[in-house]
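One structure below.
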Amino acid sequence: MLIRSFRLLSLGCAILVLFACSREPEPQGDALLRHVPADTPYAFVVSRQLPDKLRERMGSHYAAQLASQRQTFARALEQIEGSEQDAQTLARARGLFAVLDALFAEFEGRDSAAQLRELGIEPVPRSVIYGLGPLPAMHIEIVDRAKLNALLDRVEQRAGVEAQRGELAGQPYRRIDVGSTDAVLAVSDQYLIAGLLADTRFDQDLPLLLGQVLPQRTLADSGEIAQLIARHGFTGYGEGFIRIDELAATLFGEGGAESRAIMQAVGFEAPPVSEGCMRLTRELVAGMPRMVMGVTAAEDDRFVIRGIWESTPDVARYLQKLAAPVPGVGALHDGLLAMGIGIDLPELRNAIDALLRKIASSESGCEWVDRERLQAITPQLNLALGPMTAGIKGFNLQIEDLTIDPQTMEATDVKAGLLAAVDDPRGIFALGAMFNPGLAALQVPDDGSFVELPRELALDESVPPMQVAIKDRALLLLAGGASAELGNALSNAAVVTPSPLFAVDYGVHQLVERFGSVMDAMVAAFNEQGQAEAAVELESQFDSFRVQARFFDRLRVALYASDQGLVIDEEVRLRQD
Numbered sequence: 000m001l002i003r004s005f006r007l008l009s010l011g012c013a014i015l016v017l018f019a020c021s022r023e024p025e026p027q028g029d030a031l032l033r034h035v036p037a038d039t040p041y042a043f044v045v046s047r048q049l050p051d052k053l054r055e056r057m058g059s060h061y062a063a064q065l066a067s068q069r070q071t072f073a074r075a076l077e078q079i080e081g082s083e084q085d086a087q088t089l090a091r092a093r094g095l096f097a098v099l100d101a102l103f104a105e106f107e108g109r110d111s112a113a114q115l116r117e118l119g120i121e122p123v124p125r126s127v128i129y130g131l132g133p134l135p136a137m138h139i140e141i142v143d144r145a146k147l148n149a150l151l152d153r154v155e156q157r158a159g160v161e162a163q164r165g166e167l168a169g170q171p172y173r174r175i176d177v178g179s180t181d182a183v184l185a186v187s188d189q190y191l192i193a194g195l196l197a198d199t200r201f202d203q204d205l206p207l208l209l210g211q212v213l214p215q216r217t218l219a220d221s222g223e224i225a226q227l228i229a230r231h232g233f234t235g236y237g238e239g240f241i242r243i244d245e246l247a248a249t250l251f252g253e254g255g256a257e258s259r260a261i262m263q264a265v266g267f268e269a270p271p272v273s274e275g276c277m278r279l280t281r282e283l284v285a286g287m288p289r290m291v292m293g294v295t296a297a298e299d300d301r302f303v304i305r306g307i308w309e310s311t312p313d314v315a316r317y318l319q320k321l322a323a324p325v326p327g328v329g330a331l332h333d334g335l336l337a338m339g340i341g342i343d344l345p346e347l348r349n350a351i352d353a354l355l356r357k358i359a360s361s362e363s364g365c366e367w368v369d370r371e372r373l374q375a376i377t378p379q380l381n382l383a384l385g386p387m388t389a390g391i392k393g394f395n396l397q398i399e400d401l402t403i404d405p406q407t408m409e410a411t412d413v414k415a416g417l418l419a420a421v422d423d424p425r426g427i428f429a430l431g432a433m434f435n436p437g438l439a440a441l442q443v444p445d446d447g448s449f450v451e452l453p454r455e456l457a458l459d460e461s462v463p464p465m466q467v468a469i470k471d472r473a474l475l476l477l478a479g480g481a482s483a484e485l486g487n488a489l490s491n492a493a494v495v496t497p498s499p500l501f502a503v504d505y506g507v508h509q510l511v512e513r514f515g516s517v518m519d520a521m522v523a524a525f526n527e528q529g530q531a532e533a534a535v536e537l538e539s540q541f542d543s544f545r546v547q548a549r550f551f552d553r554l555r556v557a558l559y560a561s562d563q564g565l566v567i568d569e570e571v572r573l574r575q576d
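Read in order, the letters of the sequence shown are residues 0 to 576 in numbering that gives the first Met the number 0.
Okay, here's the thing in structure tokens:
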């Protein structure tokens, strides 16, 4: 549960820094980037204003998320206290959760951007998050210095803690001992400044964190963010990177001189790994050394975020070969849910086999590598991804409507269609006839005309009425009350370019409206069965989903490969007022 709690905090931070907002003239990106060392292992910067309407909507969404978190963390603490933990761990957890509870108490009942600003917080600030070595640091724009300091004072008082106070060159700060590092919070006229500093380097690194001393070479000097924007089509509304190769090197006691010094200062000891395994790790990480992310579109009613796991040209070519074009996968959808996959299974087998061979044939002398076990995997791959599955390319599922009885949890009505992209659809149909001989007598033409499946062929009484069709290299199914219009849309859909490996498109608000009572019934059922922990987890997820549904209309996600690496696009459409 601690992991989950920190995940929620990370989500809040991500929302906080993703969107830019201020009523002051916009600063240049360099004004934020000049605080960031050029060799930082990670950085994310927001320096542009969003369109006004989108800015306010996202600010209120962020506020609503914060306003709903207090009970989530209270339940998390209850579960930790009920688990088998040593006294020291429990004491630390209680101290942490006391601060979190005091913080989230400030946000209760404040579910709009305007109400958060009353606390001195800008809910969608211009900001930068980066690493001083591997340790996090951030500068986040604020609304009111006095109000934010008053909030921090109240949090300390309510939590029963008192941060150590200090001042450097006229800038007050709070210092909180967290072991071999100290957390620092400082509020200037423009920013909330926060970060972790190693105890033994505190006096050396504090001026750098507070922005009173600048790095010798900054991210503004290197121009790396500008290059990132140009290469990946980002907009300046938010972009950043994570250097996986640098973080991996730091984990093994290597990396840049500053990272090594900081890790040594916090008492980190690199794991006992041989030079051979480190060399093998370097070789593998070099193929996909960096992850980047950024906003590619921001309009009044939608925004799009793109993440790219950058790769070398050789790796990119392998990834691009994995895609199998499936009609309709990744296309726009306005029903309840659409989901699809398009993967060339023989190419997937070849890619996995090539990776295993590379590891097995490595001359690194790594003790992690068991060549006999790796070689034994190849026949298993050939069996799982061999001729029997070679012709299966993927599917496109579209659910127009679905009704579930909250008491029985069974579907009472469905309108859905499925296109299975296969090289030999009639062969697949014949394979089904081996398990259900009645299918052999069914006459299905090749022109896409739907034929009703007799009810006696259904595997279960709860299975809705089904229709089947064959057209070109596709096997099509319609379920329940799905119309011929849906069948035609599936069979005539075009292939999206680039072809997604995976795509999903669903109506956030539609799902909550349709299944809200089902969600509540599931939570009640878990409680009745004595599965309180599962019920709490489920209820928390549902609550978060309901908050999203207040603001978001649809969410689209597509994963595909390009010449730059592995790409994931996430588009969010906001509800109309």
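Where a beta carbon is used, it is the ideal one built from N, C-alpha and C, also for glycine.
- For the pair of segments examined, the stretch 72 to 87 was found not to touch the stretch 116 to 132: the number of CB pairs separated by less than 8 Å stays below three.
- Ranking G210, Q530 and V160 by CA distance to the CA of G169 puts G210 first.
- For E55, the three-state secondary structure derived from DSSP is helix.
- Where R153 is concerned, the enclosing alpha helix (DSSP H) starts and stops at R144 to A158.
- Rounded to the nearest whole angstrom, the CA to CA distance from Y190 to V294 is 23 Å.
- Here M338 carries a strand assignment [DSSP, helix/strand/coil].
- The stretch 474 to 492 and the stretch 303 to 313 do not touch, with fewer than 3 CB-CB distances between them shorter than 8 Å.
- In terms of Cα proximity to L476, the closest of L452, A493, V495 and H138 is L452.
- The distance from the Cβ of G341 to that of L500 is about 6 Å, consistent with a contact at the 8 Å cut-off.
- By the neighbour-count criterion, in which a residue is buried when 16 or more other Cβ atoms sit within 10 angstroms of its Cβ, A219 is buried.
- Per the C-alpha coordinates, the member of F103, S516, L401 and R572 positioned closest to F551 is R572.
- Taking a 10 Å sphere around the C-beta of L382, we find fewer than 16 other C-beta atoms and assign the residue as exposed.
- When the five nearest sequence neighbours on each side are left out, the beta carbons in the same chain lying within less than 6 Å of the beta carbon of G165 are those of Y172 and R174, in order along the chain.
- Taking the C-beta atoms as reference points, Q226 is found no nearer than 8 Å to H332.
- Comparing alpha-carbon positions, the option among D422, I469, L32 and A62 lying closest to V546 turns out to be A62.
- The shortest C-alpha to C-alpha distance from E77 to any of D100, S59, Q64 and H60 is the one to D100.
- If only complete runs of 3 or more residues are kept, the stretch 185 to 239 shows the beta strand (DSSP E) at 190 to 197, in order along the chain.
- Measuring C-alpha to C-alpha distances from Q374 to each of G385, S360, M387 and G364 identifies S360 as the nearest.
- According to the DSSP secondary-structure assignment, P171 is paired through a beta bridge with E166.
- According to DSSP, residue pairing for M518 in a beta bridge does not occur.
- Around the Cβ of K414, a 10 Å sphere holds 16 or more other Cβ atoms; the residue is buried.
- In its chain, beyond the 5 residues on either side, L134, L195, L196, A197, D198 and V265 have a beta carbon closer than 8 Å to the beta carbon of T180.
- Beta bridge pairing from DSSP links D568 with R305 and A557.
- Rounded to whole angstroms, the separation of the alpha carbons of M338 and A419 is 12 Å.
- In this structure, DSSP gives G254 a state outside helix and strand, which the three-state scheme calls coil.
- By the neighbour-count criterion, in which 16 or more other beta carbons inside 10 Å mark a residue as buried, D343 falls on the buried side.
- DSSP links D176 through a beta bridge to D181.
- Closest in C-alpha terms to Y559, from the list P324, S273 and H60, comes P324.
- Between R348 and R242, the alpha-carbon positions lie close to 28 Å from each other.
- Of the residues L554, M518 and V556, the one whose Cα lies closest to the Cα of E538 is M518.
- When C-beta atoms of the stretch 53 to 68 are compared with those of the stretch 107 to 118, three or more pairs fall below 8 Å, so the two segments count as touching.
- Contact check for A260 against G254 fails: the beta carbons are separated by 8 Å or more.
- Between R301 and E570, the C-beta gap is smaller than 8 Å, which places the two residues in contact.
- Of the candidates A285, F103, I224 and L213, the residue whose Cα lies closest to the Cα of L246 is A285.
- Positions of the beta strand (DSSP E) runs, each at least 3 residues long and wholly inside the stretch 108 to 149, are given as 126 to 131 and 134 to 140 in order along the chain.
- About 26 Å separates the Cβ atoms of S67 and D504, ruling out a contact at the 8 Å cut-off.
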